[in-house]
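One structure below.
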Amino acid sequence: MADVTALRRRFEALERAYAPGQHGRWAARQRAEALDEWFSETLSESGEASSVAVLALGGYGRHLQLPHSDVDVLLTHDGLEHDRLVRLGELLWYPLWDAGFSVTPLVRTFAESREAAGERLDTRTALLDGRLIAGSAALASATLEPVLRDVQRDAPAFARVLIEERGRRRERSGSCAHDLSPDLKEGVGGLRDVSSLGWLTAAVGRPLQEVGALRAAEAEALDAAEEFLVRARRAVQLVSGKRGDRLAVDLQPEVAAGMGFVDGPALSAIDGLMRAAFEHARSVTAVVVAVGERLQPREDSAMGAMAIDGPASALEALAASAEADSEPAPSVIDDLEAAPIPEPVVWDARVRDAFLRIVRTGPAGVRALDVLDRLGRLERFLPAWHDVRCRPQRDPYHRFTVDAHLTQALATMAGLLVEPARDPMAAQMLELIDDRDALLLGALFHDIGKVGQGDHVPIGAVIARAQLDAMSLELATADLAAFMVAEHLLIPDTATRRDLTDENLVLDVAARVGTPERLAALYLLAVADAAATGPAAWTPWRQALVRELVSKVRHVLDRGTMGEELAARLAARTEEVRALLGDEPDAEVDRFVLRMPRGYFLTVEAAHAARHFRTIAPWLGATEVRTATAPGAQPDTYELLVVTPDRPALLSSVTGALAVGGISILSAQVFTTDDHVAVDLFDVAGIFEPEISEERWRSFRTTLRRGIEGAISIDRRVEDMRPHYPAPSVATPVTVRVDNDASDFSTVIEIGAPDRMGLLYDITRAFSSLGLDVHLAKVATFDGRVVDAFYVRDELGRKVTDTQRLTEIDRALRDHLS
1 MADVTALRRR FEALERAYAP GQHGRWAARQ RAEALDEWFS ETLSESGEAS SVAVLALGGY
61 GRHLQLPHSD VDVLLTHDGL EHDRLVRLGE LLWYPLWDAG FSVTPLVRTF AESREAAGER
121 LDTRTALLDG RLIAGSAALA SATLEPVLRD VQRDAPAFAR VLIEERGRRR ERSGSCAHDL
181 SPDLKEGVGG LRDVSSLGWL TAAVGRPLQE VGALRAAEAE ALDAAEEFLV RARRAVQLVS
241 GKRGDRLAVD LQPEVAAGMG FVDGPALSAI DGLMRAAFEH ARSVTAVVVA VGERLQPRED
301 SAMGAMAIDG PASALEALAA SAEADSEPAP SVIDDLEAAP IPEPVVWDAR VRDAFLRIVR
361 TGPAGVRALD VLDRLGRLER FLPAWHDVRC RPQRDPYHRF TVDAHLTQAL ATMAGLLVEP
421 ARDPMAAQML ELIDDRDALL LGALFHDIGK VGQGDHVPIG AVIARAQLDA MSLELATADL
481 AAFMVAEHLL IPDTATRRDL TDENLVLDVA ARVGTPERLA ALYLLAVADA AATGPAAWTP
541 WRQALVRELV SKVRHVLDRG TMGEELAARL AARTEEVRAL LGDEPDAEVD RFVLRMPRGY
601 FLTVEAAHAA RHFRTIAPWL GATEVRTATA PGAQPDTYEL LVVTPDRPAL LSSVTGALAV
661 GGISILSAQV FTTDDHVAVD LFDVAGIFEP EISEERWRSF RTTLRRGIEG AISIDRRVED
721 MRPHYPAPSV ATPVTVRVDN DASDFSTVIE IGAPDRMGLL YDITRAFSSL GLDVHLAKVA
781 TFDGRVVDAF YVRDELGRKV TDTQRLTEID RALRDHLS
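Counting from 1, position 120 in the sequence shown corresponds to residue 120 in the working numbering; the numbering is continuous, with no gaps.
Given below as structure tokens:
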């Protein structure tokens with residue numbers, strides 16, 4: 001009886017003799033031949049060699065038997081008795097199973113095999129790979145030849161079935177050319193595609209090269225790709241110790257080492273392995289598509305009649321195919337490969353216009369760019385493409401290589417332009433866009449900086465700017481696309497990592513964005529980027545956060561609270577403050593600039609802000625109150641700065657202390673730093689006499705401190721002072737207006753009233769009693785009438801939106817001020 005132990009030792013010796021990266025198909029043939037000998041000896045010893053035939057199927061039939069792959073065999077017969085078939089199974093299969101081989105046996109009559117082949121494509125193709133191992137040659141012929149004749153009878157129909165199945169495999173198993181954990185066997189561009197060309201050869205009945213369907217250079221590329229993919233699949237099985245076809249991320253380090261890849265300056269060993277796998281898979285894909293086109297030319301193949309004599313005509317031919325939503329005809333591909341295209345291409349208007357025609361077509365344009373890429377021509381138009389081509393990405397979100405991610409983002413962006421209704425905010429954003437070509441180019445280049453040399457965003461910004469400048473684009477188009485590349489992470493990263501209730505944050509984002517069109521471009525790119533990344537990149541949670549941030553930034557831009565002009569003014573103002581504080585420690589100045597509200601620097605002159613630095617910047621105690629005074633902008637007026645930790649009713653205490661001190665508030669601006677320090681700035685004047693002496697300032701500070709500490713009742717002191725003040729000089733009604741649209745963070749309450757002693761104190765005391773915190777106040781007096789605007793939030797730091805509570809606030813304010 002054949003020795004299965006010897007067979008196992010022979011398999012193990014093959015793995016010891018050759019590293020995983022060596023002799024892929026040769027070692028696979030050696031295993032297949034060892035199995036052949038075992039089956040032949042066993043069947044011969046059974047005495048049934050003339051009654052049955054043992055056929056090798058699938059990979060085993062092609063002499064591609066990998067260490068842990070299934071051993072696919074068919075025992076074919078012509079009605080042999082059940083007991084004899086059971087006995088043969090015990091002899092042929094059980095010893096192999098006991099020895100650890102994964103045998104998948106089929107037992108059928110030759111008629112049953114033909115019937116199964118007619119019903120199932122996988123059975124048909126397995127039999128096309130079938131070969132006789134042992135037993136009756138007549139039974140083998142009776143099993144295999146009818147299947148071959150059926151396929152050859154209608155070879156075009158068989159080719160169409162293979163193409164349809166290939167599409168289903170793409171959905172089921174992905175792409176070997178793009179997926180970061182590719183299925184080397186079933187994935188499109190993998191070994192199943194290589195096998196399909198063998199099946200097509202069988203259907204045609206002649207070598208594909210003889211019928212003009214396969215060129216010599218393509219055959220060489222296919223041969224190299226098959227050898228690499230077999231070696232890689234073998235290495236996967238040896239590393240994992242089990243049957244497997246997927247080059248998973250966790251296996252890649254050992255597979256790379258076993259196949260001889262080493263780290264390079266810009267490409268690790270793992271990435272070198274994966275780039276080689278992707279390149280070979282793309283070669284397989286290109287050859288399979290080309291062979292299919294040549295065997296079944298389409299009606300639109302006449303489009304290949306366009307003469308291709310240089311870069312512009314090459315792109316124009318591809319644009320024509322893309323606009324027809326068609327693969328370029330084989331003749332077009334042949335002409336593209338032979339066309340004189342300089343390296344690099346010098347862009348002119350004709351080249352630019354043809355390239356833009358391609359990218360506007362979305363998925364069809366991606367296929368056209370892929371043709372250029374496969375022919376090694378795309379890098380001549382886009383030199384930066386070389387460094388991202390077939391480059392893996394190492395993060396848990398991305399599914400594709402960098403270049404495939406970029407083209408998928410392009411396709412998604414083109415889809416958004418055609419059908420924005422699928423994303424309601426996208427439809428709104430598109431209304432703000434004047435230049436749609438910039439959107440497509442921004443999507444195509446947004447990750448062009450992923451070249452293995454550090455932070456891809458600043459690197460990509462430089463690379464993209466150079467490429468866009470070389471493309472003869474309109475300046476506005478190049479500028480918007482370059483901005484998208486430089487800022488493509490601003491919206492998604494800020495939305496998911498920062499506090500969206502922070503008004504300074506939203507103002508900062510608005511300052512960097514500058515215009516509604518740029519904001520719209522970044523939102524659309526965030527959608528396209530996420531869709532091209534994978535499901536985890538655009539969860540409902542992430543969508544909600546991104547849309548919330550975009551809405552808030554848009555409101556800021558629409559209201560003019562921030563924009564290009566104000567952003568430039570803010571930048572200039574803060575730089576001027578930094579210059580004026582040049583003698584101060586840089587770290588302290590940075591802290592001052594960053595913690596102050598952006599509105600502070602937009603409203604306070606740089607010289608004044610630099611003067612305030614010395615009061616605001618030093619570390620503040622929990623109960624400390626600081627004040628500073630300076631001459632006001634008008635004669636007999638003063639600027640008063642009050643700095644203290646923010647607390648409930650603080651503004652009420654300050655305004656009450658000023659009223660008690662006989663100091664009139666002409667205007668007020670109230671700010672809160674990001675670390676919860678109140679910075680209140682007042683323009684004031686003496687009520688009874690113009691000059692406010694140092695003694696009166698000292699009295700004001702004492703009253704304020706004692707009032708904050710609770711040692712005195714400021715309310716009582718204000719009431720005691722009221723009789724000494726004149727009545728309002730202007731009799732005008734009290735008005736209260738609530739605006740919830742002016743700010744995304746606060747409810748804005750505008751109050752108009754006749755000026756009188758302690759009015760601002762009354763207003764702020766009312767807010768305190770209502771549980772409202774004033775985050776910003778703008779107070780001004782005009783001819784005896786006060787017009788004040790207060791930005792308030794509730795106890796939880798939110799806008800007040802409840803209708804009933806807003807009514808209560810309105811009523812309480814009117815009662816306090818009547």
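Ideal Cβ placement from N, Cα and C applies to all residues, glycine included.
Keep in mind the model is a prediction, meaning the values are calculated, not measured.
Only residues of its own chain outside the window of five on either side were considered, and among them A27, Q30 and R31 have a CB closer than 7 Å to the CB of L14, listed in chain order.
Note that the region 757-768 does not touch the region 577-587; fewer than 3 beta-carbon pairs, one per stretch, sit closer than 8 Å. About 6 Å separates the beta carbon of D423 from that of V527, a gap short enough to meet the 8 Å contact definition. Counting along the chain, no alpha helix (DSSP H) covers D70, and no H or E run does either.
Here the alpha carbons of A685 and Q634 stand approximately 10 Å from one another.
As DSSP reads the structure, K778 sits in a beta bridge with Q669 and A789. Taken through DSSP and simplified to helix, strand or coil, Y94 comes out as helix.
Nearest to M721 by C-alpha distance, out of R518, L106, G656 and P95, is G656.
Under the three-state reduction of DSSP, D183 is assigned to strand. With contacts defined by Cβ atoms closer than 9 Å, P383 and V351 do not form a contacting pair. Per DSSP, F400 lies in no alpha helix (DSSP H) and is assigned neither H nor E.
Considering only M425, V593, G442 and G662, the residue with the shortest C-alpha distance to P723 is G662.
Under the DSSP assignment, L132 falls outside any alpha helix (DSSP H), being part of the beta strand (DSSP E) whose first and last residues are R131 to G135.
DSSP places G686 in the uninterrupted beta strand (DSSP E) bounded by V677 to G686. In the structure shown, the three-state DSSP call for P516 is helix.
Closest option to D373, judged by alpha-carbon separation, among T477, A290 and R282: R282.
For S175, the secondary structure class from DSSP, reduced to helix, strand or coil, is strand.
By the neighbour-count definition (other C-beta atoms within 10 Å, threshold 16), S769 is an exposed residue. Around the Cβ of S321, a 10 Å sphere holds 16 or more other Cβ atoms; the residue is buried. Ranked by Cα distance from R696, the first of E186, L430 and Y638 is Y638. Among the bridge pairs identified by DSSP, E750 is matched with R737 and A789.
Taking a cut-off of 8 Å for Cβ pairs, the region 37-48 and the region 82-100 touch, as three or more such pairs fall below it. Contact fails between the region 435-455 and the region 558-567, because fewer than three Cβ pairs, one in each stretch, are under 8 Å apart. Per DSSP, the beta bridge partners of I663 are G686. Taking all protein chains shown into account, R160 has fewer than 16 neighbouring C-beta atoms within 10 Å of its C-beta and is therefore exposed. The Cβ atoms of V748 and V738 lie closer than 9 Å to each other. Pairwise C-beta distances place the region 279-293 in contact with the region 179-194, as three or more of them are shorter than 8 Å. DSSP, read as helix, strand or coil, puts V346 in coil.
The C-beta separation of P67 from L184 comes to about 14 Å, leaving the pair out of contact by the 8 Å criterion. In this structure, the CA atom of I463 is about 14 Å from the CA atom of A443. Of all alpha-carbon atoms in D680, A137, E226 and R62, the one lying nearest the alpha-carbon of L75 is that of A137.
In chain order, G189, F278, A281, R282 and T285 place their CB closer than 6 Å to the CB of A177, counting only its own chain and leaving out the 5 sequence neighbours on each side.
Segment contact: the region 455-475 against the region 493-500, fewer than three CB-CB distances shorter than 8 Å; contact not assigned. At the C-beta level, D403 and C390 come within 9 Å of one another. In the pairwise beta carbon analysis, the region 476-490 is classified as touching the region 509-519: at least three pairs are separated by under 8 Å. Around the beta-carbon of H82, fewer than 16 other beta-carbon atoms lie within 10 Å, marking it exposed.
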